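Remarks on the structure that follows.
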């Protein structure tokens, strides 16, 4: 079906989320929708899927004007949405999860006709190469398969227009490639796909046409064959950005962080880091790539003193660490940018100033003899806001009202306000827009050039390739390979990330 | 925004909650006046007038019962007659007397809640403190000057309450035992311990057989602020205000207070920042218990004069409500305690003068708390916009 959105406008108090946006997608077309956080992508799609009602503008499907009062109407009109966060009942099996809400009934009592539902699901699964076991329990399925169940759910409801919201966020590179295959088989049968993302490679790879949104407006459209990553990025941000922060060759010095045969257990007491060896030297950036859940979180927590080490050796700056508190580790000159800034890195209910001193409040000049010095705190925080270009109305603003990029700048400003010998940065740019990513990367490279050892843990290949002097791939708790930055590619990293043996098969 | 502006904005919801509760209370006053309700059929205008009159009398007598009659106070002071002055200002001082223990316990609740500990144990901490104070005073009787006994009693009571609060803090920090359960259970334990102790020869008032301690007033007493007959307001109220100031300094001007607040908002981030989460929990619970215990100590040595097994009368629970009404701010706790104190003393007078049952007070108090607990409801009623939450919708 042909979809057309005309002059859609949606206003929230104080924000014009969608400002007269017009887009269209033909039958069987993949429309990539690219934009930074807050550009209005999600709002627009929520309007299309009936969650919000536009203040102005119209939705046309096959030239006919439609008005959705709720998501159910949008689904009936053939619009299917696969959300970033899956909406599946974990204890259901695939048939139940897919049929939920549109069960076929049989008999006088309206019993759920499982056999009929199962038949259709198997059919759809085969037709589009989804490869889903209809009887598997949702909770036992890997995320990649769960996403296919979501797609199946939309197809089961006869969706001819499928909206995928940041679908690759949870996928391995291999799973992402499989997703592209599924999308192509969908469009062959005439399904229209809208692919929302902030990743440039993805739209270039999978979209027939790209719409770029910026600050609630259409900033431009492009055809992948006739554009470049750089052009799209500039369109997205509205200025020239550096996708890869320029940096000179690394000048590695002494070993700052040394991990040997490290073993760390996770909360379920399973061995999450299982015999890991790694060295990070002063003046180099070691990026650890890997799919989420391969022990990265536990590795970081062990290094910064939040999690005990089960076996193996760790030393920081030559000091052997057996059991140290997070404060002791910080005092050794370790800056830590945690993977979830809202949960671990900031206290979002507190002010920018309070967050700026979150791990230095107990020292001069911010306090003496246990008494805080508000003037010194204000001076320090003002300095941090200036140095890191944090966009905030004032240092008394609560952190929750800052944008993600500015929140992360508060974390980085704080961590770099202490003398730094080692930087441990977990997902330092997750969820940030291109402009903020550029900024954070530049600051990290600056620390490297000033002689700090940098360890970046990231699931984003773009990030790993952009900043890593050496790239280590983590799989099932171990480092399965280390590549020099120049020799690493999407392909060889992707294979390592899926585990060496899988890599062999895929190659 | 200016400091005053921020304060005003914070006060809007609690004030609207109180106003709404009083309005609903008025509706109940009208609906429970059955004689007048019957009149609505025959003489609607007269009935409306009488209904409004009934509410006015009820709330009028409540106000007067809580704060006294200003003209009468002025006249009494001019006349200079001690007895007249005492009678005239008694409503006001009784309101302050009722507010005192609520301030102590409410401050304790505020500290623990700010640290993320849902301390329901104010009741138990208070009576354990009172028990400690009573025991100390009786043990020291005749062995030390009254002033020393007073101080010793309050100090022991404060530490006793603090330790009673520390236990659930320790259990949470070390074993993860949920403080809601442990504090509630320790309330029962405290009640039984006090009952048991009050049966001992050492504490029990001789000859009564009831669980009541010997009278402490002859051994030690808290000095009165205004020394007039029938006036009970003593210096513990001043101590309560000083404590409010100290708690405010602790929370907002010290590194310990910073740790407590950080732990309360986000324990994970506090740990990541190198703070000791368990230490904050234990400290907060000790301080909460200590403040409640101090309040209990002043009650038994001062206004009440002895320990009874029903000393607390739900103060520990009301303290939770008023701490929430106060937005967990020490200054707010003082104001909310004064409001609750006024409702209590005013309500008694309303019962006597207008015949509206005293129980209406609990109804109004409960509604205040309900409205405070449901800010969305108050905003919906008065069509206020939620502060900037809308901006987060766009992402």
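Chains as they are written, first to last, in the numbering used here: chain Z, 1 to 507; chain H, 508 to 902.
Glycine is no exception: its CB is placed at the ideal position from the N, C-alpha and C atoms.
If you're wondering where the values come from, they're calculated on a predicted model, not measured in any experiment.
When Cβ-Cβ separations below 8 Å define contact, residue 338 of chain Z makes contact with chain H.
Secondary structure at residue 814 of chain H: coil, using DSSP grouped into helix, strand and coil.
Per DSSP, the unbroken beta strand (DSSP E) holding residue 22 of chain Z starts and ends at 15-25. Residue 216 of chain Z and residue 40 of chain Z do touch by the CB rule: their CB atoms are close to 4 Å apart, below 8 Å. The stretch 51-58 of chain Z makes no contact with the stretch 234-249 of chain Z, as fewer than three CB pairs between them are under 8 Å. Closest option to residue 753 of chain H, judged by alpha-carbon separation, among H:615, H:516, H:592: H:615. Bounds of the beta strand (DSSP E) holding residue 82 of chain Z are 79-82.
The stretch 63-136 of chain Z contains, as complete alpha helix (DSSP H) runs of 4+ residues, the segments 71-76, 94-99, 114-127 (chain order). Taking 8 Å as the threshold, the shortest C-beta distance from residue 778 of chain H to chain Z falls below it. A contact is defined here as three or more CB-CB pairs under 8 Å, and the stretch 572-586 of chain H fails this definition with respect to the stretch 878-885 of chain H.
For residue 851 of chain H, the enclosing alpha helix (DSSP H) begins and ends at 837-861. Residues 135, 137 of the same chain have their beta carbon placed closer than 6 Å to that of residue 93 of chain Z, with the five preceding and five following residues left out of the count. Sequence-distant partners of residue 599 of chain H (beyond 5 residues in either direction) whose C-beta falls short of 7 Å from its own C-beta, in its chain, are 574, 575.
Classified as exposed, residue 590 of chain H has fewer than 16 neighbouring CB atoms from the shown chains inside 10 Å of its CB. Residue-level contact by beta carbon fails for residue 356 of chain Z and chain H, as no gap is shorter than 8 Å. Taken through DSSP and simplified to helix, strand or coil, residue 7 of chain Z comes out as strand.
By the rule that beta-carbons nearer than 8 Å mark a contact, residue 359 of chain Z touches chain H.
By the C-beta criterion, the stretch 815-834 of chain H is judged not to be in contact with the stretch 540-558 of chain H, since fewer than 3 inter-stretch pairs fall below 8 Å. Annotation for residue 538 of chain H: 544 place their beta carbon closer than 8 Å to its own, counting only its chain and skipping 5 residues before and after. Membership of residue 733 of chain H in any alpha helix (DSSP H) is not indicated, and neither H nor E is assigned to it by DSSP. Taking 8 Å as the CB threshold, residue 371 of chain Z lines the interface with chain H.
The beta-carbon of residue 724 of chain H is placed no less than 8 Å from the nearest beta-carbon of chain Z. Neighbours of residue 773 of chain H in chain Z, taken as residues whose beta carbon is under 7 Å from its own, are 347 in chain order. Assigned with DSSP and collapsed to three states, residue 722 of chain H falls in coil, not helix or strand.
For residue 765 of chain H, the chain Z residues whose C-beta falls within less than 7 Å of its own C-beta are 361, 372, listed in chain order. By the rule that beta-carbons nearer than 8 Å mark a contact, residue 33 of chain Z does not touch chain H. Beta-bridge analysis with DSSP links residue 221 of chain Z to Z:211.
Across the structure, residue 870 of chain H and residue 887 of chain H are spaced so that their CA atoms are roughly 22 Å apart.
Residue 485 of chain Z sits close to residue 471 of chain Z, with the two beta carbons spaced by under 8 Å. By the Cβ rule, the stretch 632-640 of chain H counts as touching the stretch 689-702 of chain H, because three or more pairs are nearer than 8 Å. In the three-state scheme derived from DSSP, where H, G and I count as helix and E and B as strand, residue 275 of chain Z is classed as strand. At least 8 Å separates the CB of residue 512 of chain H from every CB of chain Z. The three-state reading of DSSP puts residue 633 of chain H in helix, counting H, G and I together. Among the residues of chain H, none has a CB under 8 Å from the CB of residue 323 of chain Z; the nearest is roughly 15 Å distant. Around the C-beta of residue 133 of chain Z, fewer than 16 other C-beta atoms lie within 10 Å, and the residue is accordingly described as exposed. At a Cβ-Cβ threshold of 8 Å, residue 779 of chain H and residue 419 of chain Z do not count as neighbours.
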